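Peer 1: For the sequence shown, the numbering used here begins at 553 and goes up steadily by one.
Note that CB positions come from ideal geometry on N, CA and C, so glycine has one too.
Just so it is clear, the structure is predicted and the values come from calculations on it, not from any experiment.
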Amino acid sequence: MNGSRQQQLFEVDPEPTPWEQAAESDRLVADIVFDRPLQTVFQYLVPDGLADLISVGARIRAPFGRGNQTETGFCVGLGHHLPPGRRLKEIDLVLDDAPLLTADMLELTRWMAERYLCGWGQVLTAVVPAGVRKRAGTREITCYRAADGASSALEKKRLSTKQRVILETLCQSSAPLPVDELSKAAGCGVSPIRTLRDKGLIVPVRVRTSAVEQDTTALAEQQPDLTLNPDQLRAVEQIQGLLRASKHACVLLHGVTGSGKTEVYIQAIREVVSYGRQAIVLVPEISLTPQTIRRFRRRFPSVAVLHSHLSDAERHAQWERIAKGKVDVVVGARSAVFAPTPHLGLIVIDEEHETSFKQNSTPRYHTREVARERARREGVPLILGSATPTLESLVRATRGGDLLLSLPERVERRPMPPVVIVDTRNDPYITKGQSIGRALQAAMKRALDDGGQVILFLNLRGYSTVLWCYSCGAGVMCPECDVTLTWHRDRNRVVCHSCDFTAPRPSGCLHCGAPALKYLGAGTQRLEQEVQAKFPEHRIARMDSDAMRKRGSHDTVLNAFRNGAIDILLGTQMIAKGLDFPNVTLVGVVDADTVLHQPDLRAAERTFQLIAQVAGRTGRGPKGGRVLVQTMCPDEPVIRSAAKHDYLGFAQRELDQRRELLLPPFWSLARVILRGRAEDVVQADARRLAGLVRDAAESSGASVRIAGPAPAPLLKLKGLYRHHFRLQAEQPEEIQELWRRVSDQMRPSQGVELVIDVDPLDLR
Ligand SMILES: [Zn+2]
Ligand SMILES: [Zn+2]
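#1: Ignore the nearest five residues each way along the sequence and tell me which others in ARG977's own chain have a CB closer than 6 Å to its CB.
#2: How is GLU1212 classed by DSSP in three states: helix, strand or coil?
#3: Helix, strand or coil for SER860, going by three-state DSSP, please let me know.
#4: At what residues does the beta strand (DSSP E) containing LEU959 begin and finish?
#5: Given a cut-off of 9 Å on the beta-carbon distance, is the pair LEU1162 and GLN1209 in contact?
#6: Hey, ALA698 and LEU722: beta-carbon distance below 9 Å or not?
#7: Candidates ASP700, LEU753 and ARG691: which alpha carbon is nearest ILE718's?
#8: Curious, which full-length alpha helix (DSSP H) runs of at least 4 residues does the stretch 680 to 733 contain?
#9: Using DSSP with H/G/I as helix, E/B as strand and the rest coil, what is GLU623?
#10: May I have all residues whose beta carbon comes closer than 5 Å to any heavy atom of ligand 2, sorted in chain order?
#11: Could you please give the first and the last residue of the uninterrupted alpha helix (DSSP H) stretch that includes ASP783?
#12: Between the alpha carbons of GLU961 and GLY807, how many angstroms are there, rounded?
#13: Can you confirm whether the stretch 1063 to 1080 touches the stretch 1027 to 1044 when touching is taken to mean that 3 or more C-beta pairs between the two stretches lie within less than 8 Å?
#14: Note the first and the last residue of the continuous beta strand (DSSP E) segment covering THR1054.
#15: If I'm right that ILE935 touches THR919 with Cβ under 8 Å, what's the distance once you round it to whole angstroms?
#16: Touching or not, the stretch 910 to 930 and the stretch 664 to 671, by the rule of three or more beta carbon pairs under 8 Å?
#17: Does the beta-carbon of SER1059, which I'm using as the reference point, lie nearer than 8 Å to any heavy atom of ligand 1?
#18: Where does HIS868 sit, in a helix, a strand or coil, going by DSSP?
#19: Is the separation between the beta-carbon of ARG851 and that of GLN774 shorter than 9 Å?
#20: Over the uninterrupted beta strand (DSSP E) stretch that includes SER987, give me the two end residues.
#21: According to DSSP, is GLU1305 part of a helix, a strand, or is it coil?
#22: Cβ of VAL971 within 9 Å of Cβ of ALA1195?
#23: Using a 10 Å radius around the Cβ and a threshold of 16 neighbouring Cβ atoms, would you call ALA1262 buried or exposed?
#24: Which of the three DSSP states is assigned to ARG758 in this structure?
#25: Measure the alpha-carbon distance for SER908 versus SER1016 and round it to whole angstroms.
#26: Take ILE982 and list the residues in its own chain whose beta-carbon comes closer than 6 Å to its own, dropping the five residues that flank it on each side.
#27: Going by DSSP in three states, HIS1275 sits in which element: helix, strand or coil?
#28: If you drop the 5 nearest sequence neighbours on each side, which residues of the same chain put their C-beta closer than 6 Å to that of LYS1268?
#29: Check for me: the alpha helix (DSSP H) holding LYS1106 runs from which residue to which?
#30: I think CYS627 touches GLY601, with their Cβ atoms under 8 Å apart; what is that distance to the nearest whole Å?
#31: Which class does TYR596 belong to by DSSP, given the choice of helix, strand or coil?
#32: May I ask which residues mark the beginning and end of the beta strand (DSSP E) holding PRO1261?
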């Protein structure tokens, strides 16, 4: 542990007397971290009565701060090294009778705290699920075990038949048994058990048991592995080589949509499971559909799924099963990277480009980076898979030490679908305010007439995304954010997509009172209406987070689409993910410009990803398929690259720009946001703190650049004004080093919160 840092925040009590010091020199000392943004480890004495109970990785309660207040913390170290000349406080309570996480995981969380400039205790609180901390779904019951020497009593003592059966059962049992099991075995009530207890032949013990039904999912019918094509085979063989060498390596599996990446993962996992080790497969939350889960359950008999809909009790039960090594494969979203597998063999991240792998509350970690670090520490390979890898991963695979494996062709040599760019600037339908232009409408008609199915993609939910006043030109804004409200026609309410504020649809302008509002900007609800009007004889379904509120509705719609009960499926990102329907012969990107114009350093990258992913939904069957992309910017290079399926061409151009602008993946970035209700205070704080960081960088000769402060592009969000500045350096360690110097001075004013986002995905 770093000594200088530990000492910064010790609570300084009067000097102990020599005799106090001598008496305390062999006392147990615990290193404790609290759920606070402090880069400090505190030391406490462990009272003799707690010395046998406390363990590294368990939670405790101890006095913290002024007065008599106590706080829950994590024990992260134990030893006998009493810092000289200090009098320590004592721990009050030990909350867990066993560590909540292993030594390896403890070290990983410490790395996260350093990497993401936050408190170690904050990371621990986030990593150990609440259900595990509370031991949700378990209860203590009374069980009995045979007393010492009970077996000899069986011969000597006079016992009733029932008492004898009970005692025999317990002598043969390796574990204590509950009362109901004993009375069932002996066919008796509780009185013979009580008698045995009173005679001292059996001893009651408290045992914690799980009240949750052990994994009730029926064992899925197992299917054999598929035959691989030469590219897949080469990838699997290379990964197997790494697994057999049992050492850490990172693999970027760049496979076009439909190239069969999942089969490569599955056969790599097969190898890992044959060693008696476990694999973790991370997928975006939105892809954690019943289809995905079935795909793994049909290939491996014991799969645990960790998703956000689990109750605390279910999550705890899954966590226990994983920790006991009863699970071969863990499939889950972001937080499954912390799954407590006892013998990890492999981590896979599918669709590694997905933004949902970044957590947007403290600790603001990126799953890919944490997985990389965990794989390195545990000496196992990490596979990153994508059709459109992030530039970070591409650079590491082409210029860093990672291994690049390509699946350049679709399975069964199916061609990539042709992509047509449709310029909508002079389209007669679009200029009339419709969403589907003439070319797209004609293509839809042709595809449907030929018995094909159509997918339409639009990244905006709701009905009208902008409401304007005819008289004064004011937009209807969220009272809490600098964002226009979207009208959701189905609920007849206006909704803020940034903070979920909702209100009844205003009948007139909130600004000038004029009665008429203009409805602009089409979301998926309005698109659905337009498609219904244009194709009244066809069956349509909409998939977005509004339509898919009910659990299971996702599965219902996709099954109907697969069975041909739906002709046109329209929706947001939800339909861009991994769907594989051979009869889809046309995909329409309704508006490719929605992401392109966002003030975001990754806007181009995200536009390319979206078009490529959506385009990947077609041409997966013998009928082939094509893609129409509607845009007002047909000459935009990113859209042209996407139409040519030219990922490397896009990446090269984008990388040149990023290098010039000192942006990731070449430079490391940390964004510091100050937010609060009083804008002047927020602004003053941003100036003051940025100044302190700048001074520290200059006086220490650190080569970290400080940009800002400035108002954030989205100045007001969820009722809070936001100002920010950013730190840029070639290596993340340079930022970490500088932050260590200044972190104690980073004290915002009352009512202002400091947020640090390392490797931010956007700068809004
Ligand atoms: Zn008005
Ligand atoms: Zn809002």
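Peer 2: Checking against the coordinates, here is how it stands:
#1: Locating residue 977 in the sequence shown gives position 425, where the first residue counts as 1. Around ARG977: MET1184.
#2: As a working note, residue 1212 is residue 660 in the sequence shown. Helix.
#3: If you number the sequence shown from 1, residue 860 lands on position 308. SER860 falls in the coil class under three-state DSSP.
#4: By one-based count along the sequence shown, residue 959 stands at place 407. From DSSP, the beta strand (DSSP E) with LEU959 extends over 955 to 959.
#5: Taking the first residue of the sequence shown as position 1, residue 1162 is located at position 610. Taking the first residue of the sequence shown as position 1, residue 1209 is located at position 657. In this structure, GLN1209 does not lie closer than 9 Å to LEU1162 by Cβ.
#6: Along the sequence shown, read from residue 1 onward, the residue named residue 698 stands at position 146. Along the sequence shown, read from residue 1 onward, the residue named residue 722 stands at position 170. Yes, the Cβ-Cβ distance between ALA698 and LEU722 is below 9 Å.
#7: Position 166 of the sequence shown, counting from 1, holds the residue named residue 718. Per the Cα distances, LEU753.
#8: 682 to 685, 702 to 708 and 713 to 724
#9: Translated into the one-based positions of the sequence shown, residue 623 becomes position 71. Three-state result, GLU623: strand.
#10: CYS1030, GLU1032, CYS1033, CYS1048, SER1050, CYS1051 and PHE1053
#11: Start at 1 with the first residue of the sequence shown, and residue 783 comes out as number 231. Residues 782 to 796.
#12: For the purposes of this step, residue 961 is taken as the residue at position 409 of the sequence shown. For the purposes of this step, residue 807 is taken as the residue at position 255 of the sequence shown. Distance between the alpha carbons of GLU961 and GLY807 is about 8 Å.
#13: yes
#14: Locating residue 1054 in the sequence shown gives position 502, where the first residue counts as 1. Note, THR1054: beta strand (DSSP E), 1054 to 1056.
#15: Reading the sequence shown from its first residue, position 383 is the one you call residue 935. Reading the sequence shown from its first residue, position 367 is the one you call residue 919. Not confirmed; about 13 Å, so no contact.
#16: yes
#17: Within the sequence shown, residue 1059 is the residue found at index 507, counting from 1. Not so, every heavy atom of ligand 1 lies at least 8 Å from the Cβ.
#18: In the sequence shown, counting from the first residue as 1, residue 868 sits at position 316. Reduced to three states, the DSSP call for HIS868 is helix.
#19: On the sequence shown, residue 851 is found 299 positions in, with the first residue counted as 1. On the sequence shown, residue 774 is found 222 positions in, with the first residue counted as 1. In this structure, GLN774 lies closer than 9 Å to ARG851 by Cβ.
#20: For this step, residue 987 is matched to residue 435 along the sequence shown. No beta strand (DSSP E) contains SER987, which DSSP labels as neither H nor E.
#21: Residue 1305 sits at position 753 when you count from the first residue of the sequence shown. Strand at GLU1305.
#22: Position 419 of the sequence shown, counting from 1, holds the residue named residue 971. Position 643 of the sequence shown, counting from 1, holds the residue named residue 1195. In this structure, ALA1195 lies closer than 9 Å to VAL971 by Cβ.
#23: Stepping through the sequence shown from its first residue, residue 1262 is reached at position 710. When all chains shown are included, ALA1262 counts as exposed.
#24: Position 206 of the sequence shown, counting from 1, holds the residue named residue 758. In the structure shown, ARG758 sits in a strand (DSSP, three-state: E or B).
#25: In the sequence shown, residue 908 corresponds to position 356, counting from 1. In the sequence shown, residue 1016 corresponds to position 464, counting from 1. Going from the Cα of SER908 to the Cα of SER1016 covers about 26 Å.
#26: Within the sequence shown, numbered from 1, the residue matching residue 982 stands at position 430. So the list reads THR976 and GLY989, once near-sequence residues are dropped.
#27: Translated into the one-based positions of the sequence shown, residue 1275 becomes position 723. The answer is strand: DSSP assigns HIS1275 an E or B state.
#28: Taking the sequence shown and counting its residues from 1, the one referred to as residue 1268 is at position 716. These residues qualify, in order along the chain: CYS1033 and ASP1034.
#29: On the sequence shown, residue 1106 is found 554 positions in, with the first residue counted as 1. Before going on, a small fix: residue 1106 reads as His here, not Lys. Segment 1105 to 1114, the alpha helix (DSSP H) holding HIS1106.
#30: Start at 1 with the first residue of the sequence shown, and residue 627 comes out as number 75. Start at 1 with the first residue of the sequence shown, and residue 601 comes out as number 49. So it is not a contact: roughly 16 Å between Cβ atoms.
#31: Within the sequence shown, the letter at position 44 stands for residue 596. It is a strand residue.
#32: The residue labelled residue 1261 in the question sits at position 709 within the sequence shown. From DSSP, the beta strand (DSSP E) with PRO1261 extends over 1257 to 1269.
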